[in-house]
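Line order of the protein sequences matches chains A and B. Residue numbers for the first sequence follow our numbering, so the first one is 1 and each next one is one higher. Residue numbers for the second sequence follow our numbering, so the first one is 1 and each next one is one higher.
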Amino acid sequence: MKEELFVSGRNIPNIDPYLNIWHWEIPLYLFLGGLAAGLIFFAAYFVVRGKEKEMPATVKWAPMIAPIALIVGLSALFLDLSHKLYFWQLYTTIRFSSPMSWGAWTLLLITPLSMIWVASYMRDMFPKWDWKFKFLYKFEAWVISVRKPFAWVMMILALILGVYTGILLSAFNARPLWNTSILGPLFLVSGFSTGLAAAIWMSKDKNERKVLSRIDLIFIGVELFLIIHLFMGFMAGTAVATEAAALFLGGQFTISFWVFVVLLGLIFPATLETIELWGYHVPKWMPPALILFGGLMFRFVMVEAGQITRFLY
Amino acid sequence: MNKQISSNQERYLNPYLGGVLLGLLVILTVYITGRGLGASGAIKSAVVTTSNIIAPYETQQNGYMGRFVSDDHSPMYNWLVFESLGVLLGGLLSGLLFGRVKKFRIDKGPKITNKKRLIFAVIGGILFGFGSQFGRGCTSGAALSGSATFALGGVIAMFAIFGSGYLFAYFFRKLWI
Numbered sequence: 001m002k003e004e005l006f007v008s009g010r011n012i013p014n015i016d017p018y019l020n021i022w023h024w025e026i027p028l029y030l031f032l033g034g035l036a037a038g039l040i041f042f043a044a045y046f047v048v049r050g051k052e053k054e055m056p057a058t059v060k061w062a063p064m065i066a067p068i069a070l071i072v073g074l075s076a077l078f079l080d081l082s083h084k085l086y087f088w089q090l091y092t093t094i095r096f097s098s099p100m101s102w103g104a105w106t107l108l109l110i111t112p113l114s115m116i117w118v119a120s121y122m123r124d125m126f127p128k129w130d131w132k133f134k135f136l137y138k139f140e141a142w143v144i145s146v147r148k149p150f151a152w153v154m155m156i157l158a159l160i161l162g163v164y165t166g167i168l169l170s171a172f173n174a175r176p177l178w179n180t181s182i183l184g185p186l187f188l189v190s191g192f193s194t195g196l197a198a199a200i201w202m203s204k205d206k207n208e209r210k211v212l213s214r215i216d217l218i219f220i221g222v223e224l225f226l227i228i229h230l231f232m233g234f235m236a237g238t239a240v241a242t243e244a245a246a247l248f249l250g251g252q253f254t255i256s257f258w259v260f261v262v263l264l265g266l267i268f269p270a271t272l273e274t275i276e277l278w279g280y281h282v283p284k285w286m287p288p289a290l291i292l293f294g295g296l297m298f299r300f301v302m303v304e305a306g307q308i309t310r311f312l313y
Numbered sequence: 001m002n003k004q005i006s007s008n009q010e011r012y013l014n015p016y017l018g019g020v021l022l023g024l025l026v027i028l029t030v031y032i033t034g035r036g037l038g039a040s041g042a043i044k045s046a047v048v049t050t051s052n053i054i055a056p057y058e059t060q061q062n063g064y065m066g067r068f069v070s071d072d073h074s075p076m077y078n079w080l081v082f083e084s085l086g087v088l089l090g091g092l093l094s095g096l097l098f099g100r101v102k103k104f105r106i107d108k109g110p111k112i113t114n115k116k117r118l119i120f121a122v123i124g125g126i127l128f129g130f131g132s133q134f135g136r137g138c139t140s141g142a143a144l145s146g147s148a149t150f151a152l153g154g155v156i157a158m159f160a161i162f163g164s165g166y167l168f169a170y171f172f173r174k175l176w177i
């Protein structure tokens with residue numbers, strides 16, 4: 001190991017007193033990662049349950065967004081790196097104690113696998129599609145024959161990906177807003193909810209949308225529950241944590257969080273989904289668009305606010 | 001609630017019940033915020049903010065708009081802006097519950113074109129914007145909240161708005177019937 005000498009007069013630009021290194025790239029990446037995790041999880045889930053026919057948009061069409069989201073997200077992540085040429089070094093080791101190692105390996109697997117998932121449904125979606133080469137047809141037939149185990153693998157990877165987008169932040173012990181174990185499940189639930197929203201938006205089948213909306217309502221409920229507990233935890237914590245929570249309870253992020261994330265991004269779309277389930281006509285793009293907006297906003301707020309929170313001195 | 005709403009008969013709340021609810025809302029607003037509600041203030045904030053982005057010097061020099069610009073916070077940091085956001089959401093919810101939200105369309109009288117309807121709507125909006133700022137408030141800010149506190153100005157504003165509405169309706173009836 002290389003020794004590093006660190007002398008500080010507390011003049012560390014962009015790190016002390018406030019972290020100022022993560023801009024739009026990271027929240028966008030966390031959002032797209034969560035979205036892809038949600039899309040893949042539910043596509044796989046309905047295959048495992050044997051509901052491929054009833055849920056065509058969730059299983060076949062919506063997952064087409066997943067590889068695109070992953071590639072755009074990873075490009076944003078790559079843009080953020082200071083030493084772009086050394087990113088491959090993540091793949092020279094496996095460290096179970098490092099969320100970044102988990103994420104790097106999961107992404108290495110799930111990105112190509114999500115492409116294979118979409119490819120295996122290509123001829124279902126576009127009957128005129130031609131793979132050109134014989135070995136591709138053979139490969140397709142093999143993937144279709146192992147679809148259920150494949151779906152299980154995808155479900156597990158999607159869970160890891162979803163949790164990782166939150167754990168990535170919560171592993172920062174110097175930033176009190178992020179350093180809470182609720183962040184992992186919270187980002188997982190939020191990511192799954194955005195994935196469901198994208199599937200609802202793409203679905204043309206009334207029954208499918210109904211099933212997805214019901215699941216989405218549960219996820220929104222759980223998300224609200226976790227958000228409340230996040231703040232209860234902060235308020236019952238040390239002065240550092242209370243100060244972090246104060247940013248959201250009267251501080252500069254109060255409006256962006258409670259109005260735009262919680263009200264517009266969770267409670268209002270949940271209300272719309274509920275009245276839609278009751279039989280009222282709601283424009284079908286409206287609840288999913290609000291949920292996706294709320295999910296994106298949530299990550300921007302969390303990344304931005306987290307960088308400002310710090311230990312007292 | 002009746003979910004089978006026929007396509008051409010749109011449904012609204014009983015106007016008398018709506019009026020009572022609006023009155024109760026004013027009481028609630030005063031109880032919660034310590035002041036009445038308003039709508040034109042939100043539009044004013046939006047106008048000042050836009051103007052301040054495009055031409056900051058002129059806006060700050062302007063005797064009227066300059067009063068709303070401060071270094072501490074944006075003019076949008078005003079509870080009326082968020083109240084208006086809530087009005088939009090509430091209106092949407094009411095429209096959904098009563099089956100008024102359908103395909104995008106322009107409501108108008110049967111004898112005029114969409115273009116004419118939009119032009120007159122913009123002219124009406126501009127006049128109302130002027131009027132609300134001269135009258136220190138609109139139907140909700142001056143007339144509703146004002147008369148709720150028995151302010152003479154509020155009562156005058158109420159009669160002026162609806163009285164002149166009755167008077168001018170005759171001349172513009174062709175736009176609607």
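Every residue, glycine too, gets a C-beta built ideally from N, C-alpha and C. In this text, all values refer to a predicted model and were calculated from it rather than measured experimentally.
Given a cut-off of 9 Å on the beta-carbon distance, is the pair residue i and residue j in contact?
i, j, result
"residue 185 of chain A", "residue 226 of chain A", "yes"
"residue 59 of chain A", "residue 69 of chain A", "no"
"residue 92 of chain B", "residue 101 of chain B", "yes"
"residue 194 of chain A", "residue 85 of chain A", "no"
"residue 56 of chain A", "residue 198 of chain A", "no"
"residue 141 of chain B", "residue 46 of chain B", "no"
"residue 26 of chain A", "residue 303 of chain A", "yes"
"residue 145 of chain A", "residue 63 of chain A", "no"
"residue 200 of chain A", "residue 190 of chain A", "no"
"residue 157 of chain A", "residue 38 of chain A", "no"
"residue 121 of chain B", "residue 84 of chain B", "no"
"residue 123 of chain B", "residue 114 of chain B", "no"
"residue 80 of chain A", "residue 137 of chain A", "no"
"residue 116 of chain B", "residue 103 of chain B", "no"
"residue 146 of chain B", "residue 36 of chain B", "yes"
"residue 52 of chain B", "residue 61 of chain B", "no"
"residue 143 of chain A", "residue 119 of chain A", "yes"
In its own chain, which residues sit with a C-beta less than 6 Å from the C-beta of residue i, not counting the 5 before and 5 after it?
i, result
"residue 160 of chain A", "106"
"residue 176 of chain A", "240, 241, 244 and 309"
"residue 247 of chain A", "253 and 305"
"residue 249 of chain A", "none"
"residue 256 of chain A", "301"
"residue 311 of chain A", "240"
"residue 276 of chain A", "282"
"residue 260 of chain A", "297"
Excluding the 5 residues preceding and the 5 following residue i in the sequence, name in chain order all residues of the same chain whose CB lies nearer than 7 Å to its CB.
i, result
"residue 147 of chain A", "47"
"residue 14 of chain A", "20 and 21"
"residue 128 of chain A", "none"
"residue 52 of chain A", "46 and 59"
"residue 234 of chain A", "241, 242, 244 and 245"
"residue 104 of chain A", "90 and 91"
"residue 30 of chain B", "36"
"residue 69 of chain B", "48, 52, 59, 60 and 75"
Under 9 Å between beta-carbons, which chain A residues line up against residue i? List them in chain order, please.
i, result
"residue 68 of chain B", "Correct list: empty, because the minimum Cβ distance to chain A is about 18 Å."
"residue 93 of chain B", "268, 271, 272 and 275"
"residue 128 of chain B", "Ordered by position in chain A, no residue passes the 9 Å Cβ test against residue 128 of chain B, which lies about 27 Å from the chain."
"residue 168 of chain B", "Result: empty, since nearest Cβ-Cβ is about 35 Å, beyond 9 Å."
"residue 82 of chain B", "255 and 259"
Residues of chain A with CB under 7 Å from residue i, in chain order?
i, result
"residue 99 of chain B", "281"
Using the rule of at least 16 other Cβ atoms within 10 Å of the residue's Cβ for burial, across every protein chain shown, is residue i buried or exposed?
i, result
"residue 314 of chain A", "Residue 314 of chain A is absent from the structure shown; chain A starts at 1 and stops at 313."
"residue 144 of chain B", "buried"
"residue 93 of chain A", "exposed"
"residue 216 of chain A", "buried"
"residue 3 of chain B", "Any reading at residue 3 of chain B is ruled out, since the residue's pLDDT is 46, under 50, leaving its predicted position unreliable."
"residue 7 of chain B", "With a pLDDT of only 44 at residue 7 of chain B, under 50, the local geometry of the prediction cannot be trusted, and the value read off the model is given with reservation. Exposed is the call here."
"residue 351 of chain A", "This structure does not reach residue 351 of chain A, given that chain A is present from 1 up to 313, and the question cannot be answered."
"residue 180 of chain A", "buried"
"residue 55 of chain B", "exposed"
"residue 207 of chain A", "exposed"
"residue 58 of chain B", "exposed"
Give me the chain B residues within the contact set of residue i, using Cβ-Cβ distance strictly less than 7 Å, ordered along the chain.
i, result
"residue 268 of chain A", "89"
"residue 275 of chain A", "96 and 97"
What does residue i reach in chain B if we use C-beta pairs closer than 8 Å?
i, result
"residue 261 of chain A", "Near residue 261 of chain A there are no residues of chain B at all, since even the closest Cβ is about 14 Å away, more than 8 Å."
Please list, in chain order, all residues of the same chain as residue i whose beta carbon is under 8 Å from its beta carbon, the five residues on each side excluded.
i, result
"residue 265 of chain A", "290, 291, 293, 294, 295, 297 and 298"
"residue 307 of chain A", "18, 19, 20, 21, 22 and 175"
"residue 95 of chain B", "101"
"residue 49 of chain B", "74, 75 and 76"
"residue 32 of chain A", "69, 70, 72, 73 and 76"
"residue 231 of chain A", "245, 248 and 249"
"residue 223 of chain A", "186, 189, 190, 193 and 266"
Can you find a heavy atom of the ligand NAP that lies under 8 Å from the Cβ of residue i?
i, result
"residue 286 of chain A", "Only the bare structure without any ligand can be found here, which leaves the ligand NAP out of the picture."
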